[in-house]
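When the count follows the numbering used here, it moves up by one through the sequence shown with no breaks and lands on 883 for the last residue.
One structure below.
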Amino acid sequence: MDDVTHSLLYPLDWHKTAWSALLEALKKDHLAHGLLIYGHHGVGKMHFAKALGYLLLCDQPQVDSVLGSLPCGQCNNCMLNKAGTHPDFLVVEPEEQGKAIKVDQVRELNHFVSQTSQMSGKKVVIIEPADAMNINSSNALLKTLEEPSGDTHLILVVDSLSSLMATIRSRCQYYEILPPTKEQASVFLRDLYPERNDIDVLVKISEQGPFYAKELVEQGKLEWRSSLSQGLMDVCSGKSTVEIAESWKSIDLLEALHWLDIWIRDMIVMVMTQDKSRVKNADLSDLMTMVESRQVDPRFLHRYREVLSEIEEATIKSHPNKQLVYDRLLIDWKKMLGA
Ligand SMILES: [Zn+2]
Numbered sequence: 545m546d547d548v549t550h551s552l553l554y555p556l557d558w559h560k561t562a563w564s565a566l567l568e569a570l571k572k573d574h575l576a577h578g579l580l581i582y583g584h585h586g587v588g589k590m591h592f593a594k595a596l597g598y599l600l601l602c603d604q605p606q607v608d609s610v611l612g613s614l615p616c617g618q619c620n621n622c623m624l625n626k627a628g629t630h631p632d633f634l635v636v637e638p639e640e641q642g643k644a645i646k647v648d649q650v651r652e653l654n655h656f657v658s659q660t661s662q663m664s665g666k667k668v669v670i671i672e673p674a675d676a677m678n679i680n681s682s683n684a685l686l687k688t689l690e691e692p693s694g695d696t697h698l699i700l701v702v703d704s705l706s707s708l709m710a711t712i713r714s715r716c717q718y719y720e721i722l723p724p725t726k727e728q729a730s731v732f733l734r735d736l737y738p739e740r741n742d743i744d745v746l747v748k749i750s751e752q753g754p755f756y757a758k759e760l761v762e763q764g765k766l767e768w769r770s771s772l773s774q775g776l777m778d779v780c781s782g783k784s785t786v787e788i789a790e791s792w793k794s795i796d797l798l799e800a801l802h803w804l805d806i807w808i809r810d811m812i813v814m815v816m817t818q819d820k821s822r823v824k825n826a827d828l829s830d831l832m833t834m835v836e837s838r839q840v841d842p843r844f845l846h847r848y849r850e851v852l853s854e855i856e857e858a859t860i861k862s863h864p865n866k867q868l869v870y871d872r873l874l875i876d877w878k879k880m881l882g883a
């Protein structure tokens, strides 16, 4: 079960609770057509949703002593799923990362659901992230979600339930994916990256969301993180804010706001408790030490977090000029540190 192809097909250790609940519903024939898979960013919800889709389509599921029913990996349906070419399996996601799922995509989905299955009689649709559907797309989905034609399951994947319209939520059965323990997260990441020696840091900074840790490693986000922390240090030793903001221009703004926020949280904990062992971003000790040595008032740190959250809200609604935002954040930061 440990080669790469297979690991795409099976739920992971920490998915057991949700998987068991689903199998129970399936056994009693209570599994709804609309399924909502939710949980903390990076816990592997999409991995879980795919494993579930493969199971639903599989002709002869095998029984595992720990996880219960699993897709067999050998029937025609499983072979097609492994190859990513199953005609009755559809994944709907934004055409561009971070953008909306358009109403036309939902119309195509509706069409797919209305067609007869080409293989086993069942069809599976995954919508991820489901909260990327805007009001029009969500409304276009309602009827299909309520009464999909044929034996179809629609699996909606989302970080937070509250980000979905109530009319969507009320038509689904919910399954929460809990985060792994620290141990489970490190085992997963060690298997994935045997050559890395920063697994403990990855587990901590991804807040036990190992798939988020994977994103950090594989999408260059760790480099963004270093560049941000270096910039915060440099501005206090006199480097110009404009120059640093320029060097940050390739960094995704929402990602930057997220990092700054969790660092400030760490700084508040450190300033209030003088306990460095409670700091999550332990690898950024230079930055933490600098803040500590400047005896920043925690009230200012709280205020800075508020500003970050205001900018986040504005960023989601519109597209502010990134460099101007970075410049402003750096100026505020410099002031706060009395530099
Ligand atoms: Zn199978």
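We treat Cβ as the ideally placed atom computed from N, Cα and C, and that holds for glycine.
Tell whether a beta-carbon distance below 8 Å holds between residue i and residue j.
i, j, result
"residue 850", "residue 814", "no"
"residue 579", "residue 719", "yes"
"residue 620", "residue 633", "no"
"residue 724", "residue 563", "no"
"residue 673", "residue 703", "yes"
"residue 780", "residue 878", "yes"
"residue 790", "residue 867", "yes"
"residue 852", "residue 801", "yes"
"residue 601", "residue 614", "no"
"residue 810", "residue 825", "yes"
"residue 775", "residue 708", "no"
"residue 777", "residue 845", "no"
"residue 701", "residue 581", "yes"
Who are the Cβ neighbours of residue i in its own chain at under 6 Å, not counting the five residues just before and after it?
i, result
"residue 586", "750, 753, 755 and 756"
"residue 678", "644"
"residue 547", "Its pLDDT being 42, under 50, residue 547 is placed unreliably in this model, and the value from its coordinates should be taken loosely. So no residue of the chain qualifies."
"residue 712", "682"
"residue 717", "576 and 579"
"residue 812", "842 and 845"
How far does the beta strand (DSSP E) with residue i in it reach, from first residue to last?
i, result
"residue 668", "666-671"
"residue 698", "695-702"
"residue 717", "717-720"
"residue 581", "578-582"
"residue 927", "Any property of residue 927 remains undetermined from this structure, which presents the chain solely from 545 to 883."
"residue 614", "612-614"
Report whether the distance from the Cβ of residue i to the nearest heavy atom of ligand 1 is below 7 Å.
i, result
"residue 615", "yes"
"residue 621", "yes"
"residue 662", "no"
"residue 602", "yes"
"residue 618", "yes"
Residues in the same chain with beta-carbon distance under 8 Å from residue i, minus the five sequence neighbours each way, listed in chain order, please.
i, result
"residue 885", "Here the chain covers residues 545 to 883 and nothing more, so residue 885 does not appear."
"residue 761", "737, 740 and 746"
"residue 859", "797, 798, 801 and 869"
"residue 549", "Annotation note: pLDDT 45 at residue 549 (below 50); position unreliable, coordinate value reported separately. If we look at residue 549 and ignore the five residues flanking it on each side, its Cβ neighbours are 626."
"residue 865", "none"
Please list the terminal residues of the continuous alpha helix (DSSP H) segment that includes residue i.
i, result
"residue 597", "589-601"
"residue 635", "Unbroken run through residue 635 is the beta strand (DSSP E), 633-636; no alpha helix (DSSP H)."
"residue 775", "765-780"
"residue 557", "Segment: none, residue 557 is in no alpha helix (DSSP H) and carries neither H nor E."
"residue 853", "842-861"
"residue 828", "Segment: none, residue 828 is in no alpha helix (DSSP H) and carries neither H nor E."
"residue 681", "679-690"
Within its chain, find whatever has a CB closer than 7 Å to the CB of residue i; leave out the 5 residues flanking it on each side and keep chain order.
i, result
"residue 869", "797 and 855"
"residue 863", "none"
"residue 765", "759 and 799"
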